[in-house]
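Step one of this worksheet: look at the structure below.
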Amino acid sequence: MTGYIRANTVEEAVAALAAGARPIAGGTDLVVGARQGKQSLPDALVGIHRIPGLGAITETDAGIDLGTLVSHAAIVSHPAIRERYTALADASVLVGSHATRAQGTLGGNVMHASPAMDTGAPLLCLGGTATFATPSGDRTTDLVDLWTGPGETTAGPDELLVAVHLPASAQATGSAYVRLQYRRHMEIAVVGAAAAVILDGGAVTRAAIAITALAPVIRRVESAEQALTGTSGGAPAVEAAAQAAADAARPIDDVRASATYRRAMAAVVTRRAVQAAIARARGEEIPIPATESTQGSWR
Amino acid sequence: MTMAPERTPFIRSDGKEKVTGAGRYTADLNLTGQLHAKFRYADHPHARILSIDTAAARALPGVFAVLTWEDVPDVLYGGSVNDRRLFAKEKVRWEGDIVAAVAARTADLAAEAAGLIDVRYEVLPPLTDFAANAEADAQLVHEAWADYEADENLGLSGNILGHSSIVKGDADAAMAGADVVVKSRYVADASQGAPIEPRAIVADWQGDKVTVWSSTQVPFAARSGIAHTLNIPESQVRIIVPLLGGGFGSKCDFHFEAHVAALARATRRPVKLVFSRREEFLAPDHRREGMIIELETGASRDGRLVARRGRLILDKGAYCGEGGFFAQMAAMHACGPYQIDAVNVDSYLNYSNQQPSGSIRAPTAPQACWALEQHMDELAAALEMDPAELRRRTLIGEGDEGPAGQVFEEIGAKQTLEAALDMIGYGRELPEDEAIGVACGWWPSFGVPSGAYVKLNRDGTGTIVTGAMESGTGAVMGLPLLAAEALGMKAEDFSILYQDTDAGPWDMGSSGSQTTFNNGRAVVEAATEVREKLLDLAADDLEVSRDDLVLADGTLSVKGSPDSSVTIATLAGSGEPILGKGSGDVPEAPAVDASGCVGRLGLESFLAPQLITQAARVKLDRDTGVIRVLEVAAAHDSGVIVNRIGADGQVYGGVLMGIGQALSEATWFDDEGRQLNPGLLDYKLQTASDAPEINIRWVEIDTPNAGPNGGKGVGEPPSVPTPGAIGNAIAKLVGRPIDRLPMTPERVWEAIHGGPEE
Ligand SMILES: Cc1cc2nc3c(=O)[nH]c(=O)nc-3n(C[C@H](O)[C@H](O)[C@H](O)COP(=O)(O)OP(=O)(O)OC[C@H]3O[C@@H](n4cnc5c(N)ncnc54)[C@H](O)[C@@H]3O)c2cc1C
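Each protein sequence line maps, in turn, to chains A and B. Here the first sequence is numbered in the working numbering, starting from 279 and rising by one per residue. Here the second sequence is numbered in the working numbering, starting from 193 and rising by one per residue.
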């Protein structure tokens with residue numbers, strides 16, 4: 279097929295994908311990218327933005343389900359996300375401007391698969407999985423296994439992301455996402471990091487740390503997690519985790535920053551994300567976005 | 193001495209349509225049968241053209257015309273140097289040089305056709321090091337420079353387009369005798385005007401006359417440019433500017449109007465050109481110039497400036513355009529508004545294979561001022577003197593002598609300093625990682641001819657017909673205030689007919705912060721002529737002497753007997769045409785004694801100088817080098833303010849632009865001279881959420897030689913000292929000045945963490 283159709287159901291959308299169409303949700307990546315000449319619009323597009331149900335946020339005992347069409351604005355204003363999946367709110371509140379957050383969707387962010395996407399590191403640290411509707415039924419995958427390179431995923435062209443699922447969080451969980459940004463809005467992450475920790479009796483029993491814009495894909499950093507796990511989350515452990523994240527980074531040199539600066543900043547944002555996550559796990563108030571509230575010198 | 197009348201804030205009449213989206217801009221215009229234009233730009237920043245084959249492009253269905261240099265008159269044009277053709281002929285000299293233009297049924301087709309043009313080149317080494325280009329054995333950007341028609345005051349020679357020096361006294365001897373000498377070197381990167389509206393042009397021929405709608409800041413220059421390059425009389429060219437979506441200087445000068453007019457003539461159809469955002473970065477021959485600034489100042493222990501030496505090198509890019517005066521302007525800003533006993537400053541404007549630089553809001557000033565003001569703080573440190581105190585002792589005042597011998601009349605430099613210090617609470621306790629920096633600057637008023645008509649309509653309202661151009665600053669929108677004051681009417685009673693070269697008298701356009709200064713005078717003179725006519729008519733009508741009449745609130749009445757009166761509407765409704773015209777006397781530049789100066793282009797003295805002090809409070813994130821500007825205090829002597837809302841608006845915008853230049857805005861080039869960040873993602877403008885608290889105070893001095901009722905200008909000055917003030921605050925936090933502009937987080941971080949000094 280060529281041209282544009284608007285799907286009313288998931289089945290219609292999947293059928294269109296099978297016939298060669300690309301899905302379009304908010305269009306803030308696809309259309310803006312085409313206007314900038316990055317790549318022209320696909321010949322066939324299927325609008326999924328009106329499919330009922332895909333914009334819902336549903337809490338269950340097992341966790342929280344975020345429909346693919348959930349906007350960044352909806353994420354930011356959702357009480358449960360702000361409280362228990364705070365890193366995701368830290369990320370979505372930074373996306374573009376008010377207009378971008380109202381228009382851009384979580385699913386679009388995930389499937390665009392940019393190494394600089396802001397929701398990626400939080401979703402990884404929070405144990406996110408993605409559910410796809412496919413011609414042969416639904417398929418669920420860990421987000422860790424989804425991204426393979428800039429703009430590349432393991433999803434087939436006929437697979438429609440329908441929801442992202444985050445498992446229920448334990449008591450005393452805290453998470454945060456921090457990015458380096460040169461101005462307050464309309465930014466792109468130069469480097470970023472997310473952390474999620476579980477505390478038990480003052481000790482870090484589980485730590486997840488992921489870095490953004492520091493490798494071809496957003497990725498967890500096991501060495502950093504190990505440096506933190508089992509410790510009390512004090513300064514030396516945090517610093518060790520931050521250094522481990524910086525060591526794991528594969529930064530590039532470009533107009534946004536040199537590789538040297540990026541690597542140094544990898545340590546800074548990781549340290550801030552970990553500190554904010556621990557503080558939140560302890561019940562301390564670190565306002566969203568953590569990027570703003572952790573600004574300033576660390577001592 | 194004229195006294196400032198009581199003025200109530202006036203809300204400009206074009207605001208609502210712009211804010212609500214009802215306003216029409218050039219790109220909104222569509223004519224029946226219109227075609228769309230695209231350009232084929234240079235494939236290399238520096239290359240000899242061997243051949244251009246347009247056959248495949250012409251053969252594409254839907255393509256109506258493909259033009260190259262062969263299809264237009266072989267004419268060189270430019271500002272102070274005629275060094276450029278509409279279409280590159282022998283050589284391309286920067287990545288935005290136009291090789292060919294296409295008109296086709298759709299913009300996509302035109303782009304496809306442009307891509308099909310086969311251009312063969314001999315690639316030449318890119319001459320991107322604008323300082324090295326001045327060396328004797330450097331290859332030339334323009335081999336035929338000696339044959340070019342050029343302003344002889346420039347000192348054009350090889351790759352040096354202009355050389356200017358300011359010499360006062362014996363700076364070498366004075367320097368040798370100074371108690372303290374401080375030397376600095378600063379480097380500023382290029383930046384952009386970045387207007388919201390990418391430029392658009394529509395051209396339509398009727399018979400042998402062409403009408404061109406263009407998003408230009410200078411319609412009359414656009415008219416001259418078309419006439420000159422297409423070899424037709426100016427009277428056959430009409431330029432109309434619909435609403436303009438900003439320019440910040442980048443839409444000064446004649447740019448692409450002739451290309452589109454030529455396409456329209458070749459196809460006998462209206463042709464429309466609309467730039468993409470990327471083109472808006474790459475194609476205009478306009479950006480803020482990169483600059484190397486070396487300064488040396490000698491002072492006595494008590495802070496007297498006994499000597500200043502300076503050497504400035506500016507990147508002109510590939511062509512001259514209207515920026516020929518930059519070397520001289522930069523030299524004046526390397527002196528600054530200070531009393532200096534002896535001066536010797538040399539300033540060079542060099543060609544390179546980069547985008548041409550052209551006027552961007554206060555050309556040369558923000559960078560030179562940023563360097564000078566940080567240098568002044570370095571001097572203060574060497575003198576162990578508070579930087580504000582050093583400025584208090586050295587800023588110019590009445591009777592002082594400027595760098596080229598100009599003797600200043602009453603000006604408010606020192607008052608702006610005290611006002612800014614007061615507003616920001618200079619000297620107060622600050623949280624750790626916060627500091628306040630102070631910078632002073634100046635900017636001239638430009639006296640040029642300008643004209644306007646004022647006519648009264650039958651319903652008693654008025655219309656101002658002006659050649660002046662509204663680039664968004666509100667200068668034209670404020671003209672009714674001046675007419676209304678002269679005529680005892682309300683500003684709201686006036687409509688404005690403007691931005692049409694067939695209507696208003698010739699005007700220099702929206703450049704040089706001079707619209708109020710010059711066109712304001714013209715409107716006052718035109719309104720005064722109308723006033724005279726009204727008094728004559730009313731005197732006849734009421735059978736009294738003119739001297740017994742009062743003109744107020746739209747009515748002429750007899751002094752002492754208000755019942756005996758006639759309204760303006762009655763007189764205007766009689767059918768008697770009531771019109772006035774004005775130009776006003778152009779003020780002369782102050783006398784100079786610049787015997788030692790070369791490159792005299794008329795800017796070696798500053799007419800009705802505008803003085804500025806800004807103080808900035810900033811916060812540093814030491815781990816990242818990210819700077820946040822928290823507060824800016826802006827104190828300005830712009831003479832008597834015509835409209836406070838409009839003037840404040842210029843300061844808010846100017847300061848924000850200044851913050852961008854200080855911290856984030858730069859056009860970076862690769863080794864070949866191609867822009868690395870031609871888009872709004874990586875060319876980082878400040879956003880509304882980055883805006884600090886901005887406090888403003890106007891030092892309203894009735895400056896001699898000022899414009900209408902004591903007004904000067906205010907468009908450009910607000911961004912002049914902002915980077916310097918921010919730089920001085922950062923230097924206090926970091927312990928040394930950042931010597932590169934913009935002072936990006938990475939550069940600040942490197943300075944803190946002892947990284948390599950660039
Ligand atoms: C001005 C501006 C600022 C921005 N700032 C940020 C920022 O700060 N941080 C950030 O991370 N991003 C930013 N973005 C990028 C973008 O807004 C986000 O990635 C947004 O979440 C994309 O969502 P969308 O619905 O608009 O995606 P779309 O453009 O509609 O789609 C993006 C991609 O995902 C695919 N897709 C969409 N939905 C599905 C689905 N259900 N199944 C399979 N594939 C799908 C599309 O085919 C396309 O390839 C910015 C964009 C703009 C224009």
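Beta carbons are placed, not taken as given, at the ideal position from N, Cα and C, and that holds for glycine.
Which chain B residues sit within Cβ distance under 8 Å of residue i?
| i | result |
| --- | --- |
| Val533 of chain A | Trp860, Leu868, Asn869 and Asp874 |
| Gly315 of chain A | Ser468 and Arg470 |
Roughly how many angstroms lie between the CA atoms of residue i and residue j, to the nearest whole one?
| i | j | result |
| --- | --- | --- |
| Ser624 of chain B | Thr914 of chain B | Reading off the sequence shown, one finds Glu at residue 624 of chain B, where the question assumed Ser. Cα to Cα, the separation comes out at about 22 Å. |
| Asp952 of chain B | Ala676 of chain B | Residue 952 of chain B cannot be examined here, being either before or after the span of chain B that is shown, 193 to 950. |
| Ala839 of chain B | Ile833 of chain B | 7 Å |
| Glu290 of chain A | Met395 of chain A | 28 Å |
| Arg560 of chain A | Gly452 of chain A | 8 Å |
| His443 of chain A | Pro400 of chain A | 13 Å |
| Val288 of chain A | Gly315 of chain A | 30 Å |
| Ser766 of chain B | Thr747 of chain B | 15 Å |
| Cys561 of chain B | Glu581 of chain B | 18 Å |
| Thr403 of chain B | Arg457 of chain B | 11 Å |
| Val906 of chain B | Ser830 of chain B | 6 Å |
| Val716 of chain B | Asp569 of chain B | 43 Å |
| Arg577 of chain A | Pro595 of chain B | Because the pLDDT at Arg577 of chain A is just 42, under 50, the model does not fix this residue reliably, and the value given afterwards should be weighed accordingly. Taking the straight line from one Cα to the other gives about 49 Å. |
| Glu735 of chain B | Arg889 of chain B | 48 Å |
| Leu613 of chain B | Arg493 of chain B | 23 Å |
| Leu822 of chain B | Gly927 of chain B | 20 Å |
What does residue i touch in chain A if you count any residue whose Cβ is under 7 Å from its own?
| i | result |
| --- | --- |
| Pro937 of chain B | Tyr460 |
| Thr816 of chain B | Leu458, Met543 and Val546 |
Just the chain A side, please: which residues come within less than 9 Å of residue i by C-beta, in chain order?
| i | result |
| --- | --- |
| Ser856 of chain B | Tyr460 and Arg461 |
Within the 8 Å Cβ cut-off, does residue i reach chain A?
| i | result |
| --- | --- |
| Ser705 of chain B | no |
| Ser911 of chain B | no |
| Ile941 of chain B | The sequence given here has Trp at residue 941 of chain B, not Ile. By this cut-off, Trp941 of chain B is an interface position. |
Does residue i come within less than 8 Å of chain B when only Cβ atoms are used?
| i | result |
| --- | --- |
| Tyr539 of chain A | yes |
| Ile466 of chain A | yes |
| Ser370 of chain A | no |
| Ser536 of chain A | yes |
Considering Cα atoms alone, identify which of the options is closest to residue i.
| i | options | result |
| --- | --- | --- |
| Gly415 of chain A | A:Val292, A:Arg540, A:Ala551 and A:Gln553 | A:Val292 |
| Gly361 of chain B | B:Ala251, B:Arg500, B:Gly639 and B:Phe600 | B:Arg500 |
| Gly509 of chain B | B:Tyr530, B:Glu486 and B:Tyr540 | B:Tyr540 |
| Asp777 of chain B | B:Ser737, B:Gly712, B:Lys751 and B:Thr212 | B:Gly712 |
| Val646 of chain B | B:Asp733, B:Ala764, B:Val410 and B:Leu436 | B:Ala764 |
| Trp286 of chain B | B:Ala454, B:Glu662, B:Glu885 and B:Ala239 | B:Ala239 |
| Ala943 of chain B | B:Thr816, B:Leu822 and B:Ala761 | B:Thr816 |
| Tyr233 of chain B | B:Thr212, B:Asp263, B:Thr200 and B:Gly307 | B:Gly307 |
| Ala580 of chain A | A:Leu295, A:Ser501, A:His463 and A:Gly304 | Here chain A covers residues 279 to 577 and nothing more, so residue 580 of chain A does not appear. |
| Pro514 of chain A | A:Val552, A:Leu404, A:Val469 and A:Leu384 | A:Val552 |
| Arg297 of chain B | B:Gly919, B:Arg461, B:Gly288 and B:Arg216 | B:Arg461 |
| Leu872 of chain B | A:Thr280, A:Pro435, A:Arg484 and A:Gly311 | A:Gly311 |
| Val722 of chain B | B:Ala678, B:Ile930 and B:Gly350 | B:Ala678 |
Would you mind telling me which residues of chain A sit closer than 8 Å to residue i, beta carbon to beta carbon, in chain order?
| i | result |
| --- | --- |
| Gln878 of chain B | Arg461 |
| Arg235 of chain B | Per the sequence shown, residue 235 of chain B should be read as Asp rather than Arg. Ordered by position in chain A, no residue passes the 8 Å Cβ test against Asp235 of chain B, which lies about 16 Å from the chain. |
| Ser881 of chain B | Arg461, Arg462 and His463 |
Suppose only complete runs of 4+ residues qualify. What are the alpha helix (DSSP H) ranges in the segment 351-434 of chain B, listed by chain order? Whole alpha helix (DSSP H) segments, 4+ residues: 363-368 and 411-422.
Could you give the uninterrupted runs of the beta strand (DSSP E) lying entirely in the segment 795-871 of chain B, keeping only those of 3 residues or more? Listed in chain order, the complete beta strand (DSSP E) runs (minimum 3 residues) inside the segment 795-871 of chain B are 802-813 and 818-829.
If we require 3 or more residues per run, which beta strand (DSSP E) segments fall completely within the segment 552-585 of chain B? none
Segments of 3+ residues assigned as beta strand (DSSP E) that fall wholly inside the segment 329-385 of chain A: Runs of the beta strand (DSSP E) spanning 3 or more residues and lying entirely within the segment 329-385 of chain A occur at 335-338 and 341-345, in chain order.
Complete alpha helix (DSSP H) runs within the segment 267-314 of chain B (minimum length 4 residues, chain order): 299-308
I'd like the ranges of any alpha helix (DSSP H) spanning at least 4 consecutive residues and lying wholly in the segment 196-234 of chain B. With a minimum length of 4 residues, the continuous alpha helix (DSSP H) runs that stay inside the segment 196-234 of chain B are 207-212.
3 or more residues per run - each beta strand (DSSP E) lying fully within the segment 407-446 of chain A: You should have 407-412, 415-420, 425-427 and 438-445.
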